[in-house]
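Take a look at the structure set out below.
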Amino acid sequence: MADTVLDTASGDVPDNPAGSRFFLYMSLTLLALVLAGFSKTFYLRAFFEQAPFMTDAFMTRELYIHGSVMTAWYVLLAVQTFLIGRRAYGLHKMMGVFGLGLAVAMIATAIPVITGFAPRLIAAGLEAETVLPVISVLIWFDILALVAFGLLVALAIVFRQTGAAHKRLMMMASIAFMLPATFRIVNGFAPDLPAMPIALIVSLLLLAAMAAHDLRSLGKLHPATVSGGSMVAALTALGFVIGASGAGQGFVAGMM
């Protein structure tokens, strides 16, 4: 992640200890959700019984590469927020170069995973007509989450000299990918519960926590929280609208 050395000329001020702890706790929460969400199907798949279609053949090289890059991103997010809390700005800046590379790798490795999702399901024996309404929504959500992630990381780099904006944009970018993780937590550990609505609620609660922190610490919503949160919420909603539409499903059908 990019340099967040505070630019005093911009009027940005260092966080108080409570503010630094909040962003550390948020980053650790996101990391925990990722680790829990993909534990059964990725990290510890050898120890759990998988769905019939989740064979070793389904787990392509692209999935392993993307999963490893994604894990590294959330680990680095936690490390970077810890470094900022310790005011280790120089080391944070050095790690930021690696973070920029990870952000690019997140996008590059996600593309083949998204485009190959439907073909992998069909190759695993699922009927296209049966799974199309569901996977269309999932694929369109992933596409727009990827757009949100890329835009927010780009904005965070632009505002890297303004620490308050930079860290909020980075956190919002990371929240954009939370729905797949929370969906898998519910689906894997409480399959009788409605996974998608709960996953949406968790994502909204994460955005609400960012807003609540602003109101408590600043007395108002930071512009980065407003813009970042609005982008994540709007693109998430748009993913469901497009995914459920005939045109959206037609696009996904063309991938099969």
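In this text, residue positions in the sequence shown follow this note's numbering: the first is 37, and each later residue adds one.
Every residue, glycine too, gets a C-beta built ideally from N, C-alpha and C.
How is the alpha helix (DSSP H) around residue i delimited, first residue to last?
i, result
"Arg156", "Phe153 to Ala159"
"Lys76", "Looking at the DSSP string, Lys76 is not in any alpha helix (DSSP H), and its letter there is neither H nor E."
"Thr218", "Met214 to Phe225"
"Lys203", "Gly199 to Ile211"
"Thr272", "Pro259 to Ala280"
"Glu85", "No alpha helix (DSSP H) contains Glu85, which DSSP labels as neither H nor E."
"Met106", "Arg97 to Gly121"
"Leu251", "Ala231 to Ser253"
Do residue i and residue j have their C-beta atoms within less than 8 Å of each other?
i, j, result
"Thr218", "Ala235", "yes"
"Ala190", "His202", "no"
"Ala146", "Leu271", "no"
"Thr96", "Arg156", "yes"
"Gly121", "Ser56", "yes"
"Gly279", "Phe177", "yes"
"Leu188", "Ala154", "no"
Tell me, to the nearest whole angstrom, how far the beta carbon of residue i is from that of residue j; I am working on the premise that it is less than 8 Å.
i, j, result
"Leu182", "Ile143", "6 Å"
"Leu119", "His128", "4 Å"
"Ala200", "His249", "In fact, because the Cβ distance is near 11 Å, the residues do not count as touching under 8 Å."
"Arg204", "Met246", "7 Å"
"Ser239", "Leu215", "5 Å"
For residue i, count neighbouring Cβ atoms within 10 angstroms of its own Cβ and tell me buried if that reaches 16, exposed if not.
i, result
"Ser172", "buried"
"Val194", "exposed"
"Ala38", "Low local confidence applies: a pLDDT of 35 at Ala38 is under 50, so the model's placement there is unreliable, and no value is given."
"Gly286", "exposed"
"Lys256", "exposed"
"Ser46", "Caution is warranted here: a pLDDT of 34 is assigned to Ser46, below 50, making its placement in the model unreliable, and the coordinate value is therefore given only provisionally. Under this definition Ser46 is an exposed residue."
"Met106", "buried"
"Arg123", "exposed"
"Phe59", "buried"
"Leu80", "exposed"
"Pro50", "For Pro50, the pLDDT reaches just 47, beneath the cut-off of 50, and the residue's location in the model is therefore unreliable, leaving the point undetermined."
"Arg220", "buried"
"Ala226", "exposed"
**Report entry** the stretch 201-220 touching the stretch 263-280, judged by at least three CB pairs closer than 8 Å
**Finding:** yes
Requested in this report: Would you check if the stretch 63-74 and the stretch 105-113 touch, i.e. whether three or more CB-CB distances between them fall below 8 Å?
Outcome: yes
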